[in-house]
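Single-structure report; data block below.
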Amino acid sequence: MNIAFTNWQDFFAMGGYALYVWLAVVLTLLPLSALIGHTLWRRRALLNDIRRQQAREQRKSTARQPTAMEVTQ
59 MNIAFTNWQD FFAMGGYALY VWLAVVLTLL PLSALIGHTL WRRRALLNDI
109 RRQQAREQRK STARQPTAME VTQ
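The sequence shown runs 59 to 131 under the working numbering.
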């Protein structure tokens, strides 16, 4: 097995194709990180909406229950 790069400088230079290689890496990682960030942001928003809806339903069901005074009258 041959080692492609003998030192870090050769690795980052990518045999003269560094601009294309690293540009491709950046243009791949940017959308992927944006997708992950957007997914996490939407997940948090969805969970907050669910919590808000559950709290609203809990308040509505509590308000509908008759109190002890109303039951005896």
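Virtual Cβ for every residue (Gly too), placed ideally from N, Cα, C. Remember, it's a predicted structure, so these values are computed and weren't measured experimentally.
Rounded to the nearest angstrom, what separates residue i and residue j at their Cα positions?
{"i": "residue 110", "j": "residue 97", "result": "20 Å"}
{"i": "residue 104", "j": "residue 90", "result": "21 Å"}
{"i": "residue 100", "j": "residue 123", "result": "35 Å"}
{"i": "residue 65", "j": "residue 107", "result": "52 Å"}
{"i": "residue 80", "j": "residue 72", "result": "9 Å"}
{"i": "residue 102", "j": "residue 95", "result": "11 Å"}
{"i": "residue 88", "j": "residue 74", "result": "23 Å"}
{"i": "residue 59", "j": "residue 68", "result": "18 Å"}
{"i": "residue 119", "j": "residue 112", "result": "10 Å"}
{"i": "residue 83", "j": "residue 92", "result": "14 Å"}
Report yes if the C-beta distance between residue i and residue j is below 8 Å; otherwise report no.
{"i": "residue 62", "j": "residue 70", "result": "no"}
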